[in-house]
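So for the sequence shown, the numbering used here puts the first residue at 18; every next one is plus one.
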Amino acid sequence: MNPASKRVARVDFASGAVCLCLALIPTVALAQAWLPEKGSTNLALDYTSILNKKHYNSAGQEIDVGHTDSEILSIYGSYSPSDRVLVSASLPFVNTRYRGAGGGGHDTEIDNGSWHDTFTDLLLAVHMQVTNGPVALAPYVGVVIPTNDYVVAGHAAPGRGLEEYWLGFYTALSINEWIPRTYIQFRGNYAFVEEVAGISHDRTNATLEIGHFLNESWSARVIVSEQWTHGGIDVPVPVSAPLFPYHDRLAAEEFVHVGAGASWTMNDRVSVYGIYSHAVDGTNGHKVEHRVSIGVNYGLGNRLSVKRDAT
Numbered sequence: 018m019n020p021a022s023k024r025v026a027r028v029d030f031a032s033g034a035v036c037l038c039l040a041l042i043p044t045v046a047l048a049q050a051w052l053p054e055k056g057s058t059n060l061a062l063d064y065t066s067i068l069n070k071k072h073y074n075s076a077g078q079e080i081d082v083g084h085t086d087s088e089i090l091s092i093y094g095s096y097s098p099s100d101r102v103l104v105s106a107s108l109p110f111v112n113t114r115y116r117g118a119g120g121g122g123h124d125t126e127i128d129n130g131s132w133h134d135t136f137t138d139l140l141l142a143v144h145m146q147v148t149n150g151p152v153a154l155a156p157y158v159g160v161v162i163p164t165n166d167y168v169v170a171g172h173a174a175p176g177r178g179l180e181e182y183w184l185g186f187y188t189a190l191s192i193n194e195w196i197p198r199t200y201i202q203f204r205g206n207y208a209f210v211e212e213v214a215g216i217s218h219d220r221t222n223a224t225l226e227i228g229h230f231l232n233e234s235w236s237a238r239v240i241v242s243e244q245w246t247h248g249g250i251d252v253p254v255p256v257s258a259p260l261f262p263y264h265d266r267l268a269a270e271e272f273v274h275v276g277a278g279a280s281w282t283m284n285d286r287v288s289v290y291g292i293y294s295h296a297v298d299g300t301n302g303h304k305v306e307h308r309v310s311i312g313v314n315y316g317l318g319n320r321l322s323v324k325r326d327a328t
């Protein structure tokens with residue numbers, strides 16, 4: 018990737034790398050394989066709408082036990098104290114509603130058919146640039162901290178209310194030699210999740226992204242993301258079972274999501290994006306009928322050094 022394209026990529030990744038898994042996985046917002054330059058400060062606002070029409074059971078079969086709507090407004094900020102380090106923080110405000118009969122088997126106010134909103138989990142992360150050429154590598158560490166004692170049981174529960182510690186990385190490769198203005202990016206993340214009822218349920222997430230710069234301002238991407246849970250329990254769980262009060266937090270949820278998105282770099286400071294995704298496979302969790310995200314990223318401090326040339 019030549020220097021001009023790499024500078025464009027930094028802006029483009031910043032607008033497009035908002036994690037797709039906003040419902041239960043806090044955002045590693047705007048982190049990417051090529052980190053911003055020293056002194057860069059970024060603020061971002063992301064709105065995500067999620068519709069879940071069905072659930073997956075432990076065998077991957079789809080069960081209709083009511084619909085769940087989620088609206089998530091995420092606030093993000095980052096600062097680069099050097100060319101090789103980025104620190105970031107993000108916080109989602111989640112508004113959820115369950116639409117079904119009889120509370121869907123949960124004796125909780127969160128499933129009464131009304132909208133319920135709350136801030137959920139603060140994510141703090143530090144990213145490091147290891148390599149910064151045509152093949153880029155940026156590992157990171159993060160911590161997830163619940164901000165309040167929100168409801169964690171029910172179809173419309175906004176999160177799991179658990180502390181997590183993350184180890185992950187982004188790596189990206191320019192394939193401009195074979196397909197002009199095109200890159201491949203991969204993210205891997207392992208989450209050490211707080212145990213519940215003495216049961217471990219850590220998680221691995223992986224995302225593959227293929228992106229293409231259409232011109233100096235526009236880019237498009239396709240995305241595939243997958244999750245594996247290490248431990249946890251199968252759902253549904255009988256109401257009489259001892260673990261029923263904890264099944265929403267302990268569900269051994271696994272899924273495969275596919276999606277596509279586009280970004281528009283308006284100028285040296287502002288970029289906007291949109292992403293659509295849905296579930297194609299899964300177990301022990303909600304089936305995402307659709308997830309639509311739109312957002313804007315604004316750079317402060319040092320200007321994002323972008324040459325209007327994606328060739």
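Backbone N, C-alpha and C fix where the C-beta goes; we use that ideal spot for every residue, glycine too.
Tell me residue i's beta-bridge partners as DSSP assigns them.
i: Gln336; result: Because the chain in this structure spans residues 18 to 328, residue 336 falls outside the shown range and cannot be described.
i: Ile89; result: Thr65, Val111
i: Leu60; result: Gly94, Tyr315
i: Ile80; result: His72
i: Gly276; result: Ile240, Ser294
i: Arg116; result: His84
Taking C-alpha atoms, which residue in the options lies nearest to residue i?
i: Asn74; options: Val168, His303, Met145, Val287; result: His303
i: Pro98; options: Asn112, His172, Gly56; result: Gly56
i: Arg286; options: Ile292, Asn301, Ser234, Ala279; result: Ser234
i: Ser91; options: Pro109, Gly83, Val104, Val160; result: Pro109
i: Ile67; options: Pro53, Gln49, Asn112; result: Asn112
i: Val309; options: Val102, Ala279, Asn301, Gly299; result: Ala279
i: Thr188; options: Gly291, Asn206, Glu271; result: Asn206
i: Thr164; options: Val147, Leu140, Leu190; result: Leu140
i: Asp166; options: Ile292, Gly176, Gly77; result: Gly176
i: Gln244; options: Thr300, Ile227, Lys71; result: Thr300
i: Ser105; options: Asp81, Val161, Asp134, Ala173; result: Val161
i: Asp251; options: Pro53, His72, Gln49; result: His72
i: Ala173; options: Ile240, Arg114, Val158, Glu54; result: Arg114
i: Asp134; options: Asp86, Tyr293, Val82, Ile292; result: Asp86
i: Arg204; options: His218, Val239, His307, Gly185; result: Gly185
i: Gln146; options: Ile292, Gln49, Ile80; result: Gln49
i: Ser107; options: Glu212, Asp138, Ile216, Ile240; result: Asp138
In whole angstroms, give me the CA-to-CA distance for residue i and residue j.
i: Phe136; j: Ile196; result: 43 Å
i: Tyr64; j: Ile311; result: 5 Å
i: Ile127; j: Gly178; result: 15 Å
i: Ala269; j: Pro253; result: 11 Å
i: Leu39; j: Glu88; result: For Leu39, the pLDDT reaches just 34, beneath the cut-off of 50, and the residue's location in the model is therefore unreliable, although a value from the coordinates is still provided. Roughly 10 Å separates the two Cα atoms.
i: Val152; j: Arg198; result: 14 Å
i: Phe230; j: Ala237; result: 7 Å
i: His123; j: Leu317; result: 46 Å
i: Ser322; j: Arg101; result: Residue placement at Ser322 is flagged as unreliable, the pLDDT there being 33, under the threshold of 50; a coordinate-derived value is accordingly withheld.
i: Tyr315; j: Ala277; result: 22 Å
i: Gln202; j: His84; result: 33 Å
i: Val143; j: Ser257; result: 43 Å
i: Pro255; j: Gly130; result: 22 Å
i: Trp51; j: Ile192; result: 15 Å
i: Val168; j: Ala76; result: 27 Å
i: Lys70; j: Val273; result: 16 Å
i: Thr246; j: Val305; result: 17 Å
i: Tyr200; j: Leu190; result: 6 Å
i: Thr282; j: Gly228; result: 14 Å
i: Tyr96; j: Gln78; result: 44 Å
i: Val346; j: Tyr182; result: Missing from the structure shown is residue 346; the chain here goes from 18 to 328 and no further.
i: Ser288; j: Glu226; result: 19 Å
i: Val210; j: Asn284; result: 40 Å
i: Glu180; j: Glu271; result: 19 Å
So residue i and residue j are supposed to be a Cβ contact under 8 Å. How far apart are they, rounded?
i: Gly171; j: Asp265; result: 7 Å
i: Gly94; j: Asn149; result: Contact doesn't hold; Cβ gap of about 23 Å is too wide.
i: Ser242; j: Thr224; result: 4 Å
i: Gly249; j: Leu267; result: 5 Å
i: Tyr290; j: Ala214; result: Not quite, the Cβ-Cβ distance comes to about 40 Å (not below 8 Å), so this is no contact.
i: Leu103; j: Pro53; result: 6 Å
i: Val313; j: Leu62; result: 6 Å
### Query
At what residue ranges does the stretch 123-161 contain a whole run of the beta strand (DSSP E), taking only runs of 3 or more?
133-136, 138-145
### Query
Where are the alpha helix (DSSP H) runs, 4 residues long or more, that stay fully inside the stretch 217-272, in chain order?
264-267
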